[in-house]
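One structure is given here, and the rest of the page talks about it.
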């Protein structure tokens, strides 16, 4: 299962989305996470977890400008033999749905929309679990 893969390759306006994301991360990871997941999700994190998130700038400093530009080769994606669920939240910024749809098409599947946003696994875990169960119901009898 892939949840909202951050691939600029699958976005219709990668430069515009990058500008938006750079502006959103200008004040650090915490305001960015609040924007993506919502205050209710962020406020539900334990104080210890909030502290670790605030102290971790690795993603913004080193990963952000590298991994999002990765574009898997269509031939490599087409060669994937295992079923892959690609999901995105109905309330997430639209570019996540674009990237998920782009990737799913290359994997020979369809992107699944689930309730919630980027933090759905925090505030709507039952819906995320339901999507997983429906995609991979278990071993055949």
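Numbering (the numbering used here), first residue to last: 350 to 490.
Just so you know, even glycine gets a beta-carbon here, dropped at the ideal spot from N, CA and C.
Residue i to residue j span [Cα, whole Å]
i: residue 361; j: residue 385; result: 19 Å
i: residue 490; j: residue 408; result: Because residue 490 carries a pLDDT of 42, less than 50, the predicted location of this residue cannot be relied on, and the following value inherits that uncertainty. If I take the Cα positions, the gap works out to 43 Å.
i: residue 429; j: residue 376; result: 39 Å
i: residue 368; j: residue 374; result: 10 Å
i: residue 427; j: residue 457; result: 7 Å
i: residue 472; j: residue 453; result: 24 Å
i: residue 415; j: residue 395; result: 30 Å
i: residue 382; j: residue 403; result: 10 Å
i: residue 476; j: residue 442; result: 19 Å
i: residue 463; j: residue 410; result: 30 Å
i: residue 401; j: residue 417; result: 23 Å
i: residue 482; j: residue 405; result: 33 Å
i: residue 431; j: residue 461; result: 17 Å
i: residue 371; j: residue 399; result: 21 Å
i: residue 363; j: residue 474; result: 29 Å
i: residue 484; j: residue 412; result: 30 Å
Within 8 Å, strictly: CB atoms of residue i and residue j
i: residue 478; j: residue 434; result: no
i: residue 390; j: residue 468; result: yes
i: residue 354; j: residue 449; result: yes
i: residue 365; j: residue 466; result: no
Close-in-space but distant-in-sequence residues of the same chain around residue i (CB under 8 Å, 5 per side omitted)
i: residue 393; result: 471 and 472
i: residue 351; result: 433, 434, 435, 436, 449 and 452
i: residue 455; result: 421, 423, 426 and 427
Close-in-space but distant-in-sequence residues of the same chain around residue i (CB under 6 Å, 5 per side omitted)
i: residue 446; result: 437
i: residue 444; result: 360 and 366
**Asked** Considering only residues of the region 352 to 432, which uninterrupted alpha helix (DSSP H) runs meet the minimum length of 4 residues and lie entirely inside it, listed in chain order?
**Response** DSSP assignment within the region 352 to 432 yields the following whole alpha helix (DSSP H) runs of 4 residues or more, N-terminal first: 363 to 374, 378 to 386, 388 to 392, 396 to 404, 413 to 416 and 423 to 427.
**Asked** With contact counted as at least three CB pairs below 8 Å, one residue from each stretch, are the region 416 to 423 and the region 350 to 364 in contact?
**Response** The region 416 to 423 is in contact with the region 350 to 364.
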